[in-house]
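Enquirer: Let me give you the structure first, and then I'll get to my questions.
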Amino acid sequence: MRRVMNNGLQAPRLPLPTMKPILLLLLALASAPLLAAPGSITVHGGDADQTNAIVTFTAPQDWQGQHTLSGKGGSIVSTLQVDATGQAVMIVPQIGKGENITFAITPSSPPAAPQGLTVEKSGSLLRFTHHTHGKTQPVFDYQMEPGDVPAGVPEVFKHGAHLHPVYTPGGRLITGNHPADHRWHRGIWFAWTKTEFEGQHPDFWNQGKSDSKDKIAAQILGEVRFDSLLKSWGGPVQAGFLSKHRFLDHNSGTTKPVLDETWEVTAYALTTGDRPAYILDLVSTQTCATDSPLKLPEYHYGGLGVRGHEQWNPVDKVTMLTSNGDDRKKGDSTKAQWVQMGGDVDGQPAGMAILIHPENFRFPQPLRLNPKNPQLCIAPSQGGDWTIQPGQPYTSKYRFILTDGPADAKAIDTAWQAYAHPLKVTVE
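So the sequence shown is numbered by the working numbering: it starts at 553 and just counts up by one.
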């Protein structure tokens with residue numbers, strides 16, 4: 553039977569060669585994933601005004617991708633990034649105390665040129681880069697397997713499982729690695745010093761060090777080893793990785809696993825106070841690898857470690873400041889919410905602030921501020937003996953703010969409040 557059109561005329565019969573591509577197109581459209589329907593979210597302000605606040609929440613999984621966020625009047629104010637599991641992240645430019653802001657969400661296509669933060673694997677390195685306004689700037693490298701040592705440095709000091717180099721938005725390097733005074737210092741790392749495990753005492757901090765005159769060990773007895781890269785990602789708002797490390801004891805002549813550790817590191821590029829900043833969030837989760845606990849006696853350092861730029865090696869070339877307003881000397885062995893370390897790099901001031909999350913063990917956490925070298929440690933073992941027990945994960949959370957310029961205590965205080973009290977979101 554032939555179809556009749558609205559004007560009473562019979563529709564012409566299409567020859568089969570003409571109908572085939574139409575049918576194929578219809579089948580393709582039927583099987584193609586549909587873009588998520590436009591929706592909205594409401595961000596709820598906290599107890600203080602916030603600017604350029606990092607906001608994370610769980611979105612519907614069919615929101616995966618990149619979206620624009622529009623405020624009142626339809627003006628585009630931000631970008632929403634959603635991964636395959638529905639984990640969503642955005643930057644809220646400004647929100648007042650107690651204010652509720654509703655954003656309309658519209659799916660958008662990725663830009664033709666890279667924008668935001670990208671990640672690239674290069675040998676044993678995972679390299680993170682910031683792209684903006686046609687410019688490319690390194691942010692940090694994650695050293696997975698042990699990297700090469702400088703000329704003249706013994707191979708026993710090869711180490712991985714750390715962040716270095718780490719840069720400011722102005723392109724200034726602010727971490728150090730393999731310094732002559734402590735070859736085992738390695739950018740940003742996490743290791744315990746004084747420990748007890750099954751009758752042995754592996755030292756994971758001083759990796760490759762010995763008590764001999766030259767301080768060079770014949771072999772490593774306590775090791776933090778990179779195990780695997782579980783995933784990595786980039787995007788317009790956030791880049792990051794999830795990896796696994798192993799704490800190994802070699803003291804008994806055989807290798808014994810002590811701890812399994814995951815690192816989740818996320819990176820952002822935004823503005824804090826009145827200056828550009830790179831933000832790195834580190835979440836370390838450590839679990840016992842066997843049924844044996846790891847005992848951690850009282851000790852003045854061990855935990856999260858940071859080594860500063862080699863130009864800060866002279867005692868008078870580095871500054872440290874804590875949330876209590878204490879300097880390097882007064883702040884050592886005190887407890888704080890945050891600590892900042894900085895100094896001039898090639899004649900210009902730069903530095904990093906380390907924010908300590910309030911959920912961390914023994915918060916506010918004790919500090920070791922090295923009196924001779926540009927190095928600091930968040931050291932919970934200063935508070936007395938403690939233990940990581942089997943079946944009880946030990947989680948530590950820290951946020952690094954990397955900036956050019958001198959320390960700005962007010963801006964760091966504001967950033968800590970935003971980190972400690974994240975904004976809440978309602979998906980509508």
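All C-beta atoms in this analysis are idealised placements derived from N, C-alpha and C, irrespective of residue type, glycine included. A quick note: this is a predicted structure, and the numbers were derived from the prediction, not measured.
Find out if the Cβ-Cβ distance for the pair Y719, L954 is shorter than 8 Å.
Expert: Their beta carbons are under 8 Å apart, which means Y719 touches L954 by this criterion.
Enquirer: Where does H973 land, buried or exposed, given buried means 16+ other C-beta within 10 angstroms?
Expert: By the 10 Å Cβ count, H973 comes out exposed.
Enquirer: I'd like the list of long-range same chain contacts for G591, defined as Cβ closer than 6 Å, with 5 residues on each side in sequence excluded.
Expert: So the qualifying residues of the chain are I657.
Enquirer: What residue range does the beta strand (DSSP E) around Q759 cover?
Expert: Looking at the DSSP string, Q759 is not in any beta strand (DSSP E), and its letter there is neither H nor E.
Enquirer: Pop quiz: N758 and T745 are said to be a contact at Cβ under 8 Å. What is the actual Cβ separation, rounded to whole angstroms?
Expert: About 7 Å; that satisfies the 8 Å criterion.
Enquirer: Does DSSP classify T966 as helix, strand or coil?
Expert: Correct three-state label for T966: helix.
Enquirer: By Cβ distance below 8 Å, which residues in the same chain neighbour P706 in space, the five residues on each side in sequence not counted?
Expert: Answer for P706: R735, G760, I768, listed in chain order.
Enquirer: I need the straight-line Cα distance from L873 to C929, nearest angstrom please.
Expert: Rounded to whole angstroms, L873 to C929 spans 13 Å at the Cα level.
Enquirer: According to DSSP, is V708 part of a helix, a strand, or is it coil?
Expert: In the structure shown, V708 sits in a helix (DSSP, three-state: H, G or I).
Enquirer: Looking at the secondary structure, which residues open and close the alpha helix (DSSP H) in which K882 lies?
Expert: Run containing K882: 880–883, per the alpha helix (DSSP H) assignment.
Enquirer: How long is the line joining the alpha carbons of V817 and T684, rounded to whole angstroms?
Expert: The alpha-carbon atoms of V817 and T684 are separated by roughly 21 Å.
Enquirer: Using the three-state DSSP reduction, which class does D896 fall into: helix, strand or coil?
Expert: Of the three classes helix, strand and coil, the one that applies to D896 here is strand, per DSSP.
Enquirer: Measuring CB atoms only, is the stretch 960–979 touching the stretch 834–844, in the sense that at least three cross pairs come out at less than 8 Å?
Expert: Too few Cβ pairs lie closer than 8 Å, so no.
Enquirer: Does A713 come out as helix, strand or coil in the three-state DSSP assignment?
Expert: Here A713 sits in coil by DSSP.
Enquirer: Going by DSSP in three states, E672 sits in which element: helix, strand or coil?
Expert: Reduced to three states, the DSSP call for E672 is strand.
Enquirer: Hey, would you say L621 sits closer than 8 Å to S627, going by beta carbons?
Expert: Contact flag unset, no.
Enquirer: Roughly how many angstroms separate the alpha carbons of D812 and G774, rounded to a whole number?
Expert: Each residue's Cα considered, the two are about 14 Å apart.
Enquirer: Go through the stretch 791–830 residue by residue and report every complete run of the alpha helix (DSSP H) that reaches 4 residues or more, in order.
Expert: Listed in chain order, there is nothing to give.
Enquirer: Count Cβ pairs between the stretch 877–891 and the stretch 909–925 that sit closer than 8 Å; are there 3 or more?
Expert: Result yes; three or more Cβ-Cβ pairs closer than 8 Å.
Enquirer: Take every Cβ of the stretch 797–816, pair it with every Cβ of the stretch 774–787, and state whether three or more of those distances are shorter than 8 Å.
Expert: The stretch 797–816 is in contact with the stretch 774–787.
Enquirer: Give me the Cα-Cα distance between E750 and P828, rounded to the nearest whole angstrom.
Expert: Distance between the alpha carbons of E750 and P828: 48 Å.
Enquirer: Give the secondary structure of V891 by DSSP, where H, G and I count as helix, E and B as strand, and everything else as coil.
Expert: Looking at V891 - three-state DSSP - the assignment turns out to be strand.
Enquirer: Of the choices T806, T681, T823, whose alpha-carbon is the least far from that of G723?
Expert: It is T681.
Enquirer: State the CB to CB distance for the pair G899 and V870, rounded to an integer number of angstroms; the pair is presumed to be in contact (CB under 8 Å).
Expert: Contact doesn't hold; Cβ gap of about 15 Å is too wide.
Enquirer: By the 10 Å Cβ neighbour count, where 16 or more other Cβ atoms means buried, how is Q613 classified, buried or exposed?
Expert: Per the 10 Å Cβ criterion, exposed.
Enquirer: Grab me the residues of A961's own chain with a C-beta within less than 6 Å of its C-beta, minus the 5 sequence neighbours each way, in chain order.
Expert: Nothing listed; no residue qualifies.
Enquirer: Is G786 near G668, with beta carbons less than 8 Å apart?
Expert: For G786 and G668, yes; Cβs fall inside 8 Å.
Enquirer: Contact check, V671 vs S784 under 8 Å by CB: the rounded distance?
Expert: Sure, about 5 Å apart at Cβ, within 8 Å.
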